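**Q** Residue numbers (our numbering): 1 to 55.
Ideal Cβ positions, reconstructed from N, Cα and C, are used throughout, including at glycine.
In this text the structure is predicted, and so the values were computed from the model without any measurement.
One structure, pasted below without further comment.
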């Protein structure tokens with residue numbers, strides 16, 4: 001279960017298909033404003049997506 005490893009790899013490398021840009025868009029916007037994007041981990045029971053917003 002959980003997100004496919006290839007999707008995570010594509011997100012971090014910037015190689016997302018044109019019709020699959022939702023997570024990538026959020027990742028880029030977080031990097032733009034907070035200098036750190038999404039942290040995505042594949043779990044046995046699903047997917048964990050974290051992000052940090054600085055003060």
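Can you name, in chain order, every residue of its own chain whose Cβ lies under 6 Å from the Cβ of residue 39, other than the five neighbours on each side?
**A** Locating residue 39 in the chain shown gives position 39, where the first residue counts as 1. So the qualifying residues of the chain are 50.
**Q** Determine which residues share a DSSP beta bridge with residue 43 and list them.
**A** Within the chain shown, the letter at position 43 stands for residue 43. According to DSSP, residue 43 bridges with 46.
**Q** Label residue 14 either buried or exposed according to how many other C-beta atoms from any shown protein chain fall within 10 Å of its C-beta, with 16 as the threshold for buried.
**A** The residue given as residue 14 occupies position 14 in the chain shown. Burial call: exposed.
**Q** Candidates 18, 53, 54, 23: which alpha carbon is nearest residue 8's?
**A** Locating residue 8 in the chain shown gives position 8, counting from the first residue. It is 23 whose Cα lies nearest to the Cα of residue 8.
**Q** Give the secondary structure of residue 22 by DSSP, where H, G and I count as helix, E and B as strand, and everything else as coil.
**A** Within the chain shown, residue 22 is the residue found at index 22, counting from 1. Helix.
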